[in-house]
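Enquirer:
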Amino acid sequence: MAITLGYALSHAGACADLDEQLAELTAVGVDPRRIFTDKAAGSSDKIRAGLLALLSYARAGDVVIVVALERLGRSAAEVARTVSDLSARGITLRCLRNGLDTASASGRVVVAVLSELAMLDADDSTESAQRS
Numbered sequence: 041m042a043i044t045l046g047y048a049l050s051h052a053g054a055c056a057d058l059d060e061q062l063a064e065l066t067a068v069g070v071d072p073r074r075i076f077t078d079k080a081a082g083s084s085d086k087i088r089a090g091l092l093a094l095l096s097y098a099r100a101g102d103v104v105i106v107v108a109l110e111r112l113g114r115s116a117a118e119v120a121r122t123v124s125d126l127s128a129r130g131i132t133l134r135c136l137r138n139g140l141d142t143a144s145a146s147g148r149v150v151v152a153v154l155s156e157l158a159m160l161d162a163d164d165s166t167e168s169a170q171r172s
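Residue numbers (the numbering used here): 41 to 172.
1) Candidates R88, E118, L95 and I87: which alpha carbon is nearest T44's?
2) Who does G46 pair with in a DSSP beta bridge?
3) Bridge partners of A98, per DSSP?
4) Between which residues of its own chain and S155 is the CB-CB distance below 6 Å, once the five residues before and five after are set aside?
5) DSSP puts T122 in a beta bridge; with which residues?
6) Closest to A120 by CA distance: which of R99, R137, A152 and D71 is it?
7) Pull up the distance between the alpha-carbon of I75 and that of S127, whole angstroms please.
8) Since L11 and A48 are thought to touch, with beta carbons under 8 Å apart, how far apart are those beta carbons, to the nearest angstrom?
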């Protein structure tokens with residue numbers, strides 16, 4: 041049975057931002073008990089326990105809703121990898137502010153582009169490591 045899950049991320053001292061995200065997620069029908077959250081203290085926060093828990097919990101057929109795409113990573117490459125991973129696992133992603141929905145044809149095109157960017161970034165990283 042498909043489950044709708046949510047993810048919210050606030051940055052240091054931005055409680056109002058987290059509250060706004062939670063309100064947006066619940067307004068579109070996400071059960072508050074199924075919203076995973078993280079509070080990032082800064083760029084040094086490498087591990088986002090809430091995001092990792094969400095990614096571990098989500099199954100094929102589930103829908104993950106975020107307020108904005110950039111909540112899924114600290115860099116474009118990380119966001120691209122996360123979006124690509126969700127898509128490959130058969131998990132639909134909806135981004136409220138970005139209008140992205142991977143259940144739609146246009147959403148799948150965006151995922152394909154993001155997947156290619158993630159692969160390009162991985163290739164660049166490998167080449168850089170080999171040159172070092």
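Where is the CB? At the ideal position from N, CA and C, for every residue including glycine.
Expert: The answer reads as follows:
1) With distances taken between Cα atoms, T44 lies closest to L95.
2) Paired residues: I75 and I105.
3) A98 pairs with nothing; no bridge assigned.
4) S124
5) Per DSSP, none; premise fails for T122.
6) A152
7) 19 Å
8) With the chain covering 41 to 172 only, the question about residue 11 has no answer from this structure.
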